[in-house]
Structures are given as C-alpha cells and as structure tokens.
Amino acid sequence: MKKFLLLLIAVSTAGYAQHKNPNPGYWQQHVDYKMDVTMDVEKFQYSGTQELVYTNNSNDTLKKVFYHLYFNAFQPGSEMDARLTSISDPDSRMVKSFKGPDGKDKKQSKISELKPNETGFLKVDELKQNGVLLKTKVVGTILEVELAQPLLPKSKTTFSMKFNGQVPVMVRRAGRNSDEGVALSMTQWYPKMAEFDFEGWHADPYIGREFHGVWGNFDVKLTLDKKYTVGASGYLQNKNEIGHGYEDQGVKVEVPKKQKTLTWHFVAPNVHDFAWGADPDFIHDKVMGPNNVELHFFYKNDASIKENWKKLQPETVKLLEFFNKNIGEYPYKQYSVIQGGDGGMEYAMCTLITGKRSLPSLIGVTAHELAHMWFQHLLATNESKHGWMDEGFTSFISDFAVNKIMDKKNQEDANPFQSMYNNYNYMVKMGGEQPLSTHADRFDDNMNYGISAYTKGAVFITQLAYVIGWDNTFKTLQRFYSDYRFSHPTPNDFKRTAERVSGAVLDWYLVDWTQTVNTIDYGIKNVDVKGNEANITLERIGRMSMPIDLVVVYSDDSSESFYIPNTLMRWSKDNPYPNIKRTVLKGWDWAYPTFDFKFDTKGKKIKAVVIDPSQLMADVDQANNSKEL
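Taking mature numbering (1 follows the signal peptide of the UniProt record, and there is no 0), I'd label the letters of the sequence shown as residues -17 to -1, 1 to 612.
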C-alpha cells in the first residue's frame, strides 16, 4: 500500500508538472532514465546500467546524439585543467598556491596533480539503440554517438548502456572526501543526454560553469555500503526497507547483519537532473513544510555545526513559504538540503552546500540554492548562454527573502540592494566588462563572470522595478513562473511577460542591459531660477536611456516630483511616490543629449534637485545626480 502511495505521489506530481509554455509551436525533448548503479565506497568507483527512452518532439530527423561525461573534466590535460592555467583569476577552490623559485606567488591547477586513482572519469562500455550496437567517440567530456537508425520527428527510441566511473578527489562541485569530510558528493555523475532545442544541440564541454538538461523522469537505484545515508533528488520508494531516517513513524527497520549493502530506489518525476550525496556519519532530519512538502536535512554528526543545522530548519520552512507566495507554488513534495560539495550548488529537488558556516551564512546559502528550484530547476533557462537569468534572478529573490525573514534593516542605504549596485559599478570602473549575452565559458575572467551573472543579473530585476514599478515586477515574476515553468524559457520570454503585465515596450531595456555594455549616466547640468520660474537642464552622458524620476526639494522641506518618460517605452509608470505631487512631462527621445523643462515654484526656494531618490537606477556616476542650491 505504501509503495502504491509513493507511486501515486510521483504520478500526480508529474501530471501537475506538464509545461504550458505559451509560445506558438513550442516543443521540448523528453527523456525517461532508468539507472541501476553499484558504488564501491573503498575505491570510489561505480558501475551501472542505463536505459534511456528518448522522445524526439522536434521537427528534425536526428542522426546523432550527444552525452555529457562530466567527470572526465577531472583529469590532467582536460579543458577544465587548461582553463585553470590560462585564466587570470582561477577559482581558489581549484588551484593551490605556492612560492616560485623567484619568490613570487604561483598558482597551480589541482586537476593537473591528480593521480590515476584520484581522477574522475566516466566510461561507456557499451551503448545500443533498440538493441543495435552504436559507434561512439569520446571528445573530452562529450560522447559523440552515431545512430544506427535515424530518429524521426515525433518518435521515440531506446538507448541501453553499460558504464563505469570513478569519483574524483573533490576539486569542484562533485567528488569524494570534501574538505568537511563528506564522503560522496555525486553531481554530474552519470552519462547525461545533451539538450537539443530550437537552437540545435547544446553539447558544451564541461569547463567549470553551469548546465542545460532535458526534461524527463528518473528512476534510479543506488547500491552501496549499508552504513551510508543517502540524500538525493526524488522520492525514496523503499523507505521502510532502508530506514536511515526515511522510515514512517513507528516503523522499525532491521537490516540483517550479514547484509553488506542497501539498494536505494529513488523516483524523480519531471526534472532535468539527478544528484545525490552520501556519508556514513550523516544525521538525517525531516521537517514538514508548507503544502505537506517534506524538507530533509543531511549533515555530519559534528558538534560544531549541529546547533546551526537545527536552527536552519524552521528558517527553511519560512523561505519555502516566501518563495511560494512571491513566485509560485513549489510543485514537488520533497526538497533536501545536503552537506557536501565545495560551496553551494542547485540540483533537482535538492542542493549540496558546505555546512561549516555561521548561521546567517547557512541560511543565506540555503535561501539562494532553494530559490534556484524556481530559477533553473522549474524555469529551466540555458545557464551556459543566459547565466544571468538563473543566478541573477535567484540572487535577487533570495536576498529579498533573507532581508524579510531575518528582518534585516539597512538604515544607511535608500536602496536595500546597494551592495549589488556597488559590485556592478566596481566592474564597470575596472574595465573589461563583457555583455551578459556572453557564453558562460567565454568570459575573460571569473570576476567579470561572477559580477555579471550574479550582480548585474540581479540589478536587471531591481532596476526593472524602477522602470515599471515593484507591483508590476512581482506580477511579472509570478506570471513568468505560471506561464513557463517546466519548460526552457529565454530572455525574450521574460521581457514579453513584463510587457504583457505592464503594457510597456521593453525591448530597448533587454537589448542594452544584456547584449551590450552600455552604461546609464544622467546628470543635472543646470538649475536656473528667475522669480517663480525654474528651468532645469538634464544631460544623458551614458549610451543607455532610461525614464527619469526627479524630485525637487524646497527650503520648507516640501517637495514635488517630475517624471520624464523614455519614449522608447511608449508608456508611463504610476507615481512611485504617491504622497508627493507628480507632474508627467513630455518624453525624452534617445537622440537628444539634453532635456529642458520649466515649472512654477510658487514662490518657494529650491533647496535641492535629485535624480532617482530610490537609487534603483544603476547610474554609474551618482555624483552628478543631485544638486544643492
């Protein structure tokens, strides 16, 4: 009966989860994975079988397919290894520092020093299509496959595979024996079908950035030492046989002493990845979240972290409630927070995070990775091409959530996201900025990638609130989730959603902010007062145009505001300061570098003129945004 209930949960979740992408003619590929894997926890090697039913929903006839073999990146001479030696600021987690013969600080890739028993690899021993052996070729982290029979549009085929792998020493995200002593962080661990969409194949090599996957269902069996506790994507189907904290209340699970291993059976419906972590010393806690979502926590039995991990649990409930309310309801009935990895990384229905943190840091990283369930694992953008959408949107909403839940009040800044704006301005001043449309692997350095994806991507949202208002911005996020969840939306899809919600034309905003490095810079050029008539001249110094909120403050501390529409928008936003009288002026066309307007002061003396008191407009030079008289 219990097995039936678990299956019912999986089926009902999958039914709820069908995409309803509104784009005419939209299609996406589909995969059904069945994997049966055995792990040797002494050698950190594993072998398994994979049956993959692949549905070609495109109008193309496919003659080839491609698989990702991510673990092959953790070998000396790999592209990931080479990138670490050529980039100016390699990830500190992936290099070691030492003094060279000249006394100068040097850095060396950790991958370059891996011994054969420490490397990672994925080897496909046999691959068949509908029982026919296929020709394959390994190119780094990609397996190129020639099909025995072309896969016609709107048809299915079955791939059966035998494979084996070795878990690398922890270098990045996945691996064994992390710095915090977690035995297995199993992410990007299986041969994974590459995505084929309206743009074609996305068979990107694994160099260290993000991912793109095919929507489907996973049925995974993991056999390993019975002492290990496993946290994973999906629902455990045999929890009352496994125990380890999964069992129903009142059930006593006894594994025969002679039995050396346990086989864990997980089902993850309608996801685009499957990850797991395991350790013989995991504590496993369960907490019920909103809508009967089981929240699972797996962390080392370490006295120094137990208290923080216990305190994290009710805060995670609050975070889930916040995201449900402000984005849309989490559709699965399980989410797991697993200690492991090398920082924090999102996966389907779970995250792996490092656990030796202060409580605010632990809550912060959990907030960020949980938010990724919406912005990547439910709204599955192509992270390699549009990393700013998942990282930026996630950074925005997770920071917003933490500020609300932990009641953070920054009295010094008018803009609660000021640190993001500071980071963006730092990147601009340092030079070398590249457009957000740059492929994640093609950024010249990690600094520019990090600030671009996480910070400039987040400012895209906060600044959108300046452009169309906070109410419209949150309505846009909610409608975007409602319309595009369980599909692969693009930047244009988000822009069109914001246009539908607000009525504004926003192509200029998407193009300038994400496809160029144009900056915003407005200034108050002159304020001239003669009698009761004031004349203000503004100038546009940067290439990117914006609507302008301007406030005039008088000596009696009263004020009034003026709104200058951006004519490219063909729209005006509501008054963001309803308690202040506002005058909507004629629009400012982009081609004109200056803008003049006159108004009656009614005998009041002007004390100051301020452009954008909210500071949500990412003006790169704030010094000329206010003028005191």
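Where is the CB? At the ideal position from N, CA and C, for every residue including glycine. It should be emphasised that the depicted structure is a prediction, and the values quoted were computed from it without experimental measurement.
Nearest-angstrom Cβ-Cβ length linking residue i and residue j, presumed shorter than 8 Å
i	j	result
residue 356	residue 217	So it is not a contact: roughly 14 Å between Cβ atoms.
residue 247	residue 219	6 Å
residue 213	residue 255	That belief does not hold up - the Cβ atoms of residue 213 and residue 255 are roughly 21 Å apart, past 8 Å.
residue 34	residue 138	Wrong, their Cβ atoms sit about 17 Å apart, outside the cutoff.
residue 504	residue 525	3 Å
residue 268	residue 257	Not confirmed; about 22 Å, so no contact.
residue 383	residue 177	The pair is not a contact, with the Cβ atoms about 34 Å apart (cut-off 8 Å).
residue 2	residue 376	Actually they are not in contact, since the Cβ atoms of residue 2 and residue 376 sit about 18 Å apart, beyond 8 Å.
Cut-off 6 Å between Cβ atoms - residues of its own chain near residue i, not counting five sequence neighbours on either side
i	result
residue 538	588, 590
residue 374	436, 437, 440
residue 372	364
residue 488	552, 553
residue 205	20, 247
residue 445	400, 599
residue 327	336, 348, 352
residue 46	130, 133
residue 477	463
residue 291	342, 345
residue 263	210, 211
residue 16	35, 201
residue 215	249, 259
residue 530	548, 549
residue 595	532
DSSP-derived helix/strand/coil call for residue i
i	result
residue 81	strand
residue 228	coil
residue 133	strand
residue 119	strand
residue 10	coil
residue 481	helix
residue 379	helix
residue 571	strand
residue 222	helix
residue 388	helix
residue 1	coil
residue 163	coil
residue -10	The predicted model places residue -10 with a pLDDT of 41, which falls under 50 and marks its position as unreliable, so this point remains unresolved.
residue 109	strand
residue 394	A caution first: residue 394 carries a pLDDT of 42, below 50, which makes its placement in the model unreliable, though a value can still be read off. Reduced to three states, the DSSP call for residue 394 is coil.
Run of the alpha helix (DSSP H) containing residue i, from where it starts to where it stops
i	result
residue 185	Segment 183 to 185 is the beta strand (DSSP E) holding residue 185; no alpha helix (DSSP H) there.
residue 494	490 to 498
residue 64	62 to 69
residue 294	286 to 309
residue 348	342 to 354
residue 282	Here residue 282 belongs to no alpha helix (DSSP H); instead the beta strand (DSSP E) covers 277 to 283.
residue 462	453 to 467
residue 437	Premise fails: residue 437 is in no alpha helix (DSSP H) and is neither H nor E.
Residues that DSSP places opposite residue i in a beta bridge
i	result
residue 403	None, per the DSSP bridge assignment.
residue 544	534, 565
residue 330	333
residue 422	Paired residue(s): none; residue 422 is not in a bridge.
residue 208	244
residue 202	17, 250
residue 581	518
residue 602	503
residue 90	80
residue 215	259
Residue i: first and last residue of the uninterrupted beta strand (DSSP E) it sits in
i	result
residue 253	244 to 254
residue 147	138 to 149
residue 39	28 to 39
residue 505	505 to 513
residue 318	317 to 322
residue 589	589 to 594
residue 611	609 to 611
residue 261	259 to 262
residue 266	265 to 271
Neighbourhood of residue i by C-beta, 8 Å cutoff - its chain only, sequence neighbours within 5 removed
i	result
residue 544	532, 533, 534, 535, 558, 560, 563, 564, 565, 566
residue 135	39, 44
residue 410	416, 430, 431, 434, 435, 438, 439
residue 297	270
residue 428	70, 71, 72, 415
Nonlocal neighbours in the same chain, by C-beta distance under 7 Å from residue i, ignoring five residues either side
i	result
residue 190	62, 63, 66, 424
residue 308	none
residue 398	404, 597, 598, 599
residue 422	367, 368
residue 484	455, 458, 459, 462
Residue i Cβ short of 8 Å to the ligand SAH heavy atom set
i	result
residue 299	Among the ligands in the structure shown, none appear at all, so the ligand SAH cannot be discussed.
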